[in-house]
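Sequential numbering of the sequence shown, starting at 779, is according to our numbering.
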Amino acid sequence: MESSRVRQTDPAALAPVGTLLREWRAARRASQLDLALSAGISTRHLSCIETGKAQPGRELLARLADALDMPLRERNALLLAAGYAPAYPESALHAVSLARIDQAIDAILAQQEPYPAFLINRQWDVLRENAAAVRVNRAVLGRDSAHRNIMRQFFDPADLRSAIANWEEVAGELVHHLHDRVAAAPTDASARALLDEVLAYPGVPAHWRLRDLSRAPSPLLTTQLRSGEVVLRFFSTITTFAMPRDVTLDELHIECCFPVDEDTAAHCRALARAD
């Protein structure tokens, strides 16, 4: 049985390679001169590629993708647009090639007990969570979330949003990250669709529809969850995979929640004992 594959995209559905390069260059706020110098080519050559007058080779496309810091999925799309086969596979986590990584993910999630931890993909879908995440969610909502997507959970008034004491602070930060994702990955239609969806929920401030360039994301954000008379306070850390050579790994991260205070830690321990 095949354990890994490259998901093919219809080249006819892709923009020309020159158009893709211009979009990514604009997203990175790089001039033709900037990109040409980084990739070790002349601005004339780059201009010819962007206008379709010259056909870049695979090695040159790799240098351009490196200079633009493109994710692996978008590197594959760039290669396809130029008529080449994708360079990076996209494997299922249960595939033999990723078996060790799969085990490591489960170990990290389990080790985070009795505090929540999640495995999340690039669309902010929750692929896995530990038992603590389920316990805390049920403690604050009285049930499981209606959504398997972090953004929808935090923006839907009928979901986790109703239990977040500092919702505007947390949701504003999430919108900031989502705007940054849309700006940084111009070909990612799913990120744009998700941004439009969460902004359409009721009670979302109108000014969140515009990307705020005046500030950087907060280095530490506390999420406050109401559980009856108790407020649970958590901060999060993000773990990514170093030097991924697979699209799946490139797009995954693990979010681990840690208690801000002893009251939160004690409440989590009590929930675990009662489980």
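Idealized CB from N, CA, C, for every residue including glycine.
Assumed close pair Pro980, Pro935 - CB separation to whole angstroms, cut-off 8 Å: 6 Å
Exposure label - Ile1016; buried when at least 16 CB within 10 Å: exposed
Proximal residues to Gly950 (C-beta, below 6 Å), its chain only, five neighbours per side dropped: none
N-terminal and C-terminal residue of the beta strand (DSSP E) that Ile925 is part of: The sequence shown places His at residue 925, not Ile. That residue, His925, is in no beta strand (DSSP E); it is neither H nor E in DSSP.
Helix, strand or coil at Ile827 [DSSP, three-state]: helix
Cβ pair Gln843, Pro794 closer than 8 Å: For clarity, residue 843 is Ala in the given sequence; the question names Gln instead. Result no, Cβ atoms of Ala843 and Pro794 do not sit closer than 8 Å.
For Cys1046, the residue or residues it bridges with in DSSP: According to DSSP, Cys1046 bridges with nothing at all.
Opening and closing residue of the beta strand (DSSP E) in which Ser1014 lies: Val1008 to Thr1017
Under the three-state DSSP convention, the category Asp880 falls into: Here Asp880 carries a helix assignment [DSSP, helix/strand/coil].
Helix, strand or coil at His872 according to DSSP, with G and I counted as helix: Here His872 sits in coil by DSSP.
Cβ-Cβ distance between Ala943 and Gln1002 below 8 Å: yes
Sequence-distant residues of the same chain with beta carbon closer than 8 Å to Tyr862, five excluded per side: Same-chain partners within the cutoff: Arg836 and Leu839.
Where Thr818 falls, given that 16 or more other Cβ within 10 Å makes a residue buried: The sequence given here has Gly at residue 818, not Thr. Gly818 comes out exposed.
Residues near Ala961 by beta carbon distance below 7 Å, same chain, minus five either side: Close CB contacts of Ala961 within its chain, under the 7 Å cut and outside five residues either way in sequence, are with Ala805 and Arg989 (chain order).
Sub-8 Å separation of Ile1032 and Ile827 beta-carbons: no
Where Val904 falls: helix, strand or coil (DSSP): strand
Length of the line joining the Cα atoms of Glu1029 and Gly1006: 36 Å
Expected contact under 8 Å - CB spacing of Leu857 and Met848 to nearest Å: About 11 Å separates the two Cβ atoms, so there is no contact after all.
7 Å CB neighbourhood of Ala1043 in its chain, flanking five on each side removed: Result list for Ala1043: Pro1037, in chain order.
Continuous alpha helix (DSSP H) stretch holding Thr965: start and end: First-last for Thr965: undefined, no H or E at that position.
Pairwise C-alpha distance: His957 and Cys1046: Put simply, the backbone Cα of Cys1046 is about 33 Å away from that of His957.
Cβ-Cβ distance between Leu850 and Arg803 below 8 Å: no
Unbroken beta strand (DSSP E) run spanning Ala1005, endpoints: Checking the displayed sequence, the identity of residue 1005 turns out to be Ser instead of Ala. Looking at the DSSP string, the run of the beta strand (DSSP E) that includes Ser1005 is Thr1000 to Ser1005.
Arg993 versus Val953, Thr829 and Glu891, residue with shortest Cα-Cα distance: Val953
Where Gln786 sits in the DSSP three-state scheme: For Gln786, the pLDDT reaches just 46, beneath the cut-off of 50, and the residue's location in the model is therefore unreliable, although a value from the coordinates is still provided. Coil.
Three-state secondary structure assigned by DSSP to Glu1029: coil
Proximity below 8 Å, CB of Arg1057 to CB of Ala1050: The structure shown does not extend to residue 1057, since the chain is modelled only from 779 through 1053, so no value can be given for it.
Leu988 - DSSP class collapsed to helix/strand/coil: coil
DSSP beta-bridge partners of Phe1036: Phe1013
Residues near Val948 by beta carbon distance below 7 Å, same chain, minus five either side: Phe932, Ile942, Leu999 and Thr1001
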